[in-house]
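Encoded as structure tokens, the structure appears first; notes follow it.
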Amino acid sequence: GNLSEVRIDSEKYVIYKLQESLDRYVKCFNLNGLTLRLNSGFKGVIIIKVIDYHVHSDNSFDGKSDIDSTCQESIKKEVQEICFTEHFSVDPRDVSFGVLDYSKYTCEINEARKKYKKYLLIKKGLEIGEPHLAEYSEELKNFLGGTDLDFIIGSVHNINGVKLRLFMKNKKKYNVYQDYFEEIYKMA
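To convert, count from 1 in the sequence shown and add 46; that's the numbering used here.
As structure tokens, then:
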């Protein structure tokens, strides 16, 4: 195969051309830390745009870096597009409840978009914990109505208001997975 790069409208794409078909085995390629697994019989061109849609800044309870530093690091690593998805919850039992200052977050995103617009496409999103909980649905709906988000991740970090790590204690693995996937199903 032949690995090369191409720029289209100032965006970098990694291109891997397979000169011959892969037969009777799965071939793995590592491109800039991204592993591709191709089934046998594949022949063609792979075009990759490097993006990350699960990024937390210090606007989240677990984020360490500010938005500006994260953008600088993304540019150094030749990421073309990122979406900040700060933790958010309307459930007062959740560790992320009340942490996000949405106005501050929006200002920081807008500043970064202006500063890095030639180098990085920056999206604004949220990772919403347990968005399916009926007792908080109206509050969540009201909050989201006043936002201009590009992307939302729904997540399950708690079951019945209990953090997963605590929920798993003294339970059989099968039962933990069963309960977790049932909760994911409710969310979906």
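Cβ atoms here follow ideal geometry from the backbone N, Cα and C, with glycine treated the same way.
Predicted model, so just to flag it, every value in this text is computed and none were measured.
*Which listed residue (Y99, Y220, P138) has its alpha carbon closest to that of Y182*: Nearest C-alpha to Y182: P138.
*Buried or exposed for H133, please, with buried defined as at least 16 other CB atoms from any protein chain shown within 10 angstroms of its CB.*
Buried.
*Host beta strand (DSSP E) of T131 (start-end)*: Per DSSP, the continuous beta strand (DSSP E) segment holding T131 begins and ends at 127 to 134.
_Helix, strand or coil for E173? Go by DSSP, reduced to three states._
Look at E173 here: in three-state DSSP terms it is strand.
*Roughly how many angstroms lie between the CA atoms of Y165 and D114, to the nearest whole one?*
Using only the alpha carbons, I get a separation of about 13 Å.
*Are Q126 and L167 touching if we call contact CB-CB under 8 Å?*
Result yes, Cβ atoms of Q126 and L167 sit closer than 8 Å.
*Going by the beta-carbon positions, is the gap between L195 and G171 smaller than 8 Å?*
The answer is yes: Cβ separation under 8 Å.
*Where Y162 and E173 are concerned, what is the direct C-alpha to C-alpha distance, given to the nearest angstrom?*
About 23 Å.
*Contact between the segment 143 to 161 and the segment 101 to 119: three or more CB pairs below 8 Å?*
Here the segment 143 to 161 makes contact with the segment 101 to 119; the two share three or more CB pairs at distances below 8 Å.
*Beta-carbon separation (whole angstroms), V202 vs M233, contact threshold 8 Å*: That pair is a contact at about 6 Å.
*Tell me the DSSP bridge mates of V101?*
Per the DSSP secondary-structure output, V101 pairs in a beta bridge with F130.
*So, helix, strand or coil for N216, using DSSP?*
N216 falls in the coil class under three-state DSSP.
_Beta-carbon within less than 8 Å of I205's beta-carbon, same chain only, minus the 5 sequence neighbours each way: which residues are those?_
Around I205, the same chain offers F213, D225, Y226, E229 as residues with beta carbons nearer than 8 Å, after the five sequence neighbours per side are excluded.
*Residue from V141, I97, C129 with nearest C-alpha to Y235*: What is shown of the chain runs 47 to 234, which leaves residue 235 out entirely.
*Tell me, please, which residues DSSP counts as bridged to I168.*
When beta bridges are read from the DSSP output, I168 appears opposite I128.
*Looking at F197 and Y99, is the spacing between their C-beta atoms short of 8 Å?*
Taking the C-beta atoms as reference points, F197 is found nearer than 8 Å to Y99.
*Out of K217, G191, V141, state which residue places its alpha-carbon closest to the alpha-carbon of S106.*
Among K217, G191, V141, the Cα nearest to that of S106 belongs to V141.
*asked:* For G191, report the span of its alpha helix (DSSP H) as first-last.
replied: Here the alpha helix (DSSP H) through G191 covers 183 to 191.
*When we look at the beta-carbon of S149 and count the other beta-carbons within 10 Å, is it buried (16 or more) or exposed?*
Answer is exposed; the Cβ neighbour count stays below 16.
*State the start and end residues of the unbroken beta strand (DSSP E) segment that holds S201.*
Looking at the DSSP string, the run of the beta strand (DSSP E) that includes S201 is 197 to 201.
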